[in-house]
Amino acid sequence: MRLDTQFMLDSIPIILKALPVTAFISVFSMLLGGLLGLLIALIRYYKIPVLDRLFRVYVSLIRGFPLMVQLYLAYFGLPFYINMYCQSVGIDNLAKNIPPLAFAVFAFSVNTSAYVSEVFRSALDSLDKGQREACSSIGMTSFQTMAHILLPQAMVAAIPNLVNLFLGNIKASTLAYMISVHEMMGVAVVLANRAYNYLEIYIVTAVIYWLLCVLLERVFARMEFRFSRYKVRV
Amino acid sequence: MIRVTNVHKKFKDLEVLRGVDLEVKDGEVISILGPSGSGKTTLLRCINFLEKADEGEMEIGDRKYSLKYATKKQKLEVQRKTAMVFQLNNLFANKTVLENVTIGLTVVQKMNKADARRVAVRYLEKVGLGDRLSSYPAQLSGGQQQRVGIARALALNPSVILFDEPTSALDPELVGEVLSVIRQVAEEHITMVIVTHEMAFARDISDKVVFMDGGVVVESGTPEDIFLNPQKERTVQFLQRFRQVGEAVK
Numbered sequence: 001m002r003l004d005t006q007f008m009l010d011s012i013p014i015i016l017k018a019l020p021v022t023a024f025i026s027v028f029s030m031l032l033g034g035l036l037g038l039l040i041a042l043i044r045y046y047k048i049p050v051l052d053r054l055f056r057v058y059v060s061l062i063r064g065f066p067l068m069v070q071l072y073l074a075y076f077g078l079p080f081y082i083n084m085y086c087q088s089v090g091i092d093n094l095a096k097n098i099p100p101l102a103f104a105v106f107a108f109s110v111n112t113s114a115y116v117s118e119v120f121r122s123a124l125d126s127l128d129k130g131q132r133e134a135c136s137s138i139g140m141t142s143f144q145t146m147a148h149i150l151l152p153q154a155m156v157a158a159i160p161n162l163v164n165l166f167l168g169n170i171k172a173s174t175l176a177y178m179i180s181v182h183e184m185m186g187v188a189v190v191l192a193n194r195a196y197n198y199l200e201i202y203i204v205t206a207v208i209y210w211l212l213c214v215l216l217e218r219v220f221a222r223m224e225f226r227f228s229r230y231k232v233r234v
Numbered sequence: 001m002i003r004v005t006n007v008h009k010k011f012k013d014l015e016v017l018r019g020v021d022l023e024v025k026d027g028e029v030i031s032i033l034g035p036s037g038s039g040k041t042t043l044l045r046c047i048n049f050l051e052k053a054d055e056g057e058m059e060i061g062d063r064k065y066s067l068k069y070a071t072k073k074q075k076l077e078v079q080r081k082t083a084m085v086f087q088l089n090n091l092f093a094n095k096t097v098l099e100n101v102t103i104g105l106t107v108v109q110k111m112n113k114a115d116a117r118r119v120a121v122r123y124l125e126k127v128g129l130g131d132r133l134s135s136y137p138a139q140l141s142g143g144q145q146q147r148v149g150i151a152r153a154l155a156l157n158p159s160v161i162l163f164d165e166p167t168s169a170l171d172p173e174l175v176g177e178v179l180s181v182i183r184q185v186a187e188e189h190i191t192m193v194i195v196t197h198e199m200a201f202a203r204d205i206s207d208k209v210v211f212m213d214g215g216v217v218v219e220s221g222t223p224e225d226i227f228l229n230p231q232k233e234r235t236v237q238f239l240q241r242f243r244q245v246g247e248a249v250k
C-alpha cells in the first residue's frame, strides 16, 4: 500500500486553516452549553418546583436522540419558525441572514447543556452535606453557600467529566460539515474527493484531531491539579 | 438568653423529641447528656433550624420564633445569631484555616477584610493554631480541625454556641486538647450548649446539666445535683453505666 506522503504533508496547512472554525464551534458550544447546563443543574439541585421536572424531561429528551438529528432539526426547523414569526410581525425574513455556523453552535450548545447539567448535578450531590450545614449554621444564604463553598468544590469533581465532554465536542463539530460549515472535516473531505486520496486525508485528519486533544488533555490536567491542591494531605 | 419550649420532632414514625423545654441564660454553660437516640443532637439542630421541628417555640433575647412556622428570613436571622461546632467539624475544605474563620465575618457579617483578619487571627491564636493560618483542613489532625471549628464559631460572636458532640469523633489522644479549648471558652462566660458524652468534663465546666432520654428531659440541675444526687431512676441507671466504663478504664 503506497501512501502519497507529499500529498499528506501538503494537505496539512489547508486543513489547519479551518482549525479556527472547529475551535469556535467546540469552545462556544462548550461555554454556552456549560453555562446553561450549570443553571439547569442548580435548578435541579435546589429542586425548584415545576422547573425541576421540566428540565428532567429536557435532559432526557436531548440526550435521547442523535446529535446529527438535532443539528438537522435546528438547521431546517428553526428558519421555518423564524420565518413564521417574521411574517406575523411584518418584517423581512431574518432567517436568510443567519449563517449555518450559528445553527451548528446552537444545536451543539443545547446538546452539551444536557450532558453538562448531569455532570454538575452529580458533582454537587457528591459533596458532603456537612459543609452545607456548616454554611447554614453561620448564617450564609443559599447563594453564598453555593458560590463560596459548594461550587468551587463541585468544579474539582466536575473537571474530568467536563474535559471528556469538551473532547467529545471537538469530535462532534465534524458533523457541522453536513450543514455546509467549513470546519476541518469539511475541508478534509473536499480535498479527499478532489484527488481521490481518501486514506491519506483521513489519516492526516485523525492525527490532527488527536494532537489537538492530547494538547488539551495536558492543559486540563494542569488545571485539575491546581484546583484540587486543597485536598493534598502533606 | 435562649429558651425553647414544647419541642416536638418526628422522623417518619420515630418520635425523637416529645415535648422538650430548655432555657439557657446569658453566659451560662449547659451540658446535655443522655444515651444515643435520646434526641439531644436533634434538639440542638432544631434550635438553629438544621432540622425543622414539628412543634415548638423559641425565644432568643427579646425575639420570638415558631420552630415550625419560621420564615426563611427568620431562620437566617437565628442562624446569624448562633454558631455550631459539629461532631465532624465540617470545615470548608477549599478554604485555608484563616479563610475558614474570616469567611463568616466577611460574607455574612460584612466586615472588611482587614478587621476580619485581625479577629480571625486572634481567635485562631487563642485555640493554638496561630501558626497554621495558611494550611488547608486536609493537612490538619482531627483535633486541630475541631479547634479551627471552635475558632470559627467564636469569631462570629454569637448569642450562643451549640456544640454537637465535639469530641465524639476524635482519637482519644486528641480529645484533651479540644476539651481544654472548650473549657477556656466556658471560662469566658460565653453562652454555650454542649451535647457530649464526656461526663467528667461536663461536670467540671457546666453551670447546669440536663439529662435527656427517650425524647424528653428527665432531669436537670447543677452538676452536683445530677451527678451526686440524681432523683430519677433513669438518671441513676445512665450514670451507673458510665461509672462502670470509668472503672474499666482505670
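Those protein sequence lines, which keep their order, are chains A and B. Start counting the first sequence at 1; every next residue gets the next number (full-length UniProt numbering). Start counting the second sequence at 1; every next residue gets the next number (full-length UniProt numbering). Virtual Cβ for every residue (Gly too), placed ideally from N, Cα, C.
Distance check for B:V178 and B:K250, CA to CA, integer angstroms please.
Caution applies to B:K250, whose pLDDT of 49 falls short of 50 and renders its modelled position unreliable; the value that the coordinates give is listed next. The alpha-carbon atoms of B:K250 and B:V178 are separated by roughly 22 Å.
Tell me, please, whether the CB atom of A:K231 is closer than 7 Å to any CB atom in chain B?
Interface residue, yes.
Less than 8 Å between the CB atoms is what I'm expecting for B:D54 and B:K12, so what's the real figure, rounded?
Contact doesn't hold; Cβ gap of about 12 Å is too wide.
Is B:L228 buried or exposed, if buried means 16 or more other CB atoms sit within 10 Å of its CB?
So B:L228 counts as exposed.
Please work out which residues of its chain come closer than 6 Å, Cβ to Cβ, to B:R3, disregarding the five sequence neighbours upstream and downstream, and give them in chain order.
Closer than 6 Å at the Cβ level, and outside the excluded window around B:R3, lie E23, E59.
Jot down the residue ranges of each uninterrupted alpha helix (DSSP H) in the region 64 to 151 of chain A, minimum 4 residues, whole runs only, in chain order.
Correct list: 67 to 72, 78 to 89, 100 to 126, 129 to 137.
Which runs of the alpha helix (DSSP H), 4 residues or longer, sit entirely within the region 101 to 171 of chain B?
Within the region 101 to 171 of chain B, the complete alpha helix (DSSP H) runs of at least 4 residues are 113 to 126, 142 to 155.
Grouping DSSP H, G and I as helix and E and B as strand, with all else coil, what is B:S38?
Coil.
Can you look up A:S228 in the DSSP assignment and give me helix, strand or coil?
Coil.
Please list, in chain order, the chain B residues whose beta carbon lies closer than 7 Å to that of A:M140.
Near A:M140 (Cβ distances below 7 Å), the residues of chain B are V107, V108.
Excluding five sequence neighbours on each side, which residues of the same chain lie with their C-beta closer than 6 Å to the C-beta of B:V127?
Around B:V127: R147, I150, A151, V181.
Chain E partners of B:M84, CB-CB under 7 Å?
Among the chains of the structure shown, chain E does not appear; the protein chains present are A and B.
So the alpha helix (DSSP H) A:D10 belongs to, where does it begin and stop?
Unbroken alpha helix (DSSP H) run through A:D10: 5 to 16.
Quick check: is the beta carbon of A:A157 nearer than 7 Å to any beta carbon in chain B?
Chain B, which has no Cβ nearer than 7 Å to the Cβ of A:A157, makes this no.
Between the region 150 to 170 of chain B and the region 68 to 87 of chain B, can you find at least three pairs of beta-carbon atoms closer than 8 Å?
Taking 8 Å as the limit for Cβ pairs, the verdict is that the region 150 to 170 of chain B does touch the region 68 to 87 of chain B.
Tell me the rounded alpha-carbon separation between A:L39 and B:M192.
Answer to the nearest angstrom: the Cα atoms are 40 Å apart.
For chain B, check one thing: does any of its Cβ atoms lie closer than 7 Å to the Cβ of A:A134?
Answer yes: the Cβ-Cβ gap between A:A134 and chain B drops below 7 Å somewhere.
Let me know the secondary structure DSSP gives B:A58 once reduced to three states.
Looking at the sequence provided, one finds Met at residue 58 of chain B rather than Ala. Of the three classes helix, strand and coil, the one that applies to B:M58 here is strand, per DSSP.
At a CB-CB cut-off below 8 Å, which residues of chain B make contact with A:P152?
Neighbours of A:P152 on chain B, chain order: N94.
Could you spell out where the beta strand (DSSP E) holding B:S31 opens and where it closes?
Looking at the DSSP string, the run of the beta strand (DSSP E) that includes B:S31 is 29 to 33.
Should B:N157 be flagged as near chain A, meaning a C-beta pair shorter than 7 Å?
No, no contact with chain A.
Could you compute how far the alpha carbon of A:E217 sits from the alpha carbon of B:V107?
Spanning the two alpha carbons is a distance of roughly 36 Å.
With C-beta atoms as the reference, is A:S29 less than 7 Å away from A:T112?
Contact: yes.
Can you name the residues of chain A whose CB is closer than 7 Å to the CB of B:I103?
What B:I103 touches in chain A: H148.
Less than 8 Å between the CB atoms is what I'm expecting for B:P137 and B:A93, so what's the real figure, rounded?
Going by Cβ atoms, the distance from B:P137 to B:A93 rounds to 6 Å, so yes, they are a contact pair.
Please classify A:V219 as buried or exposed, where buried requires at least 16 neighbouring CB atoms within 10 angstroms.
That one is exposed.
Can you give me the C-alpha to C-alpha distance between residue 253 of chain B and B:T235, rounded to a whole angstrom?
An answer regarding residue 253 of chain B cannot be provided, because it is not within the stretch 1 to 250 covered by chain B.
Given this structure, state the Cα-to-Cα distance separating B:L17 from B:K68, to the nearest angstrom.
C-alpha separation (whole angstroms): 13 Å.
In chain B, what lies closer than 7 Å to A:Q144 by C-beta?
Under the 7 Å cutoff, chain B gives V107.
Let me know the secondary structure DSSP gives A:R233 once reduced to three states.
The answer is coil: DSSP assigns A:R233 none of H, G, I, E or B.
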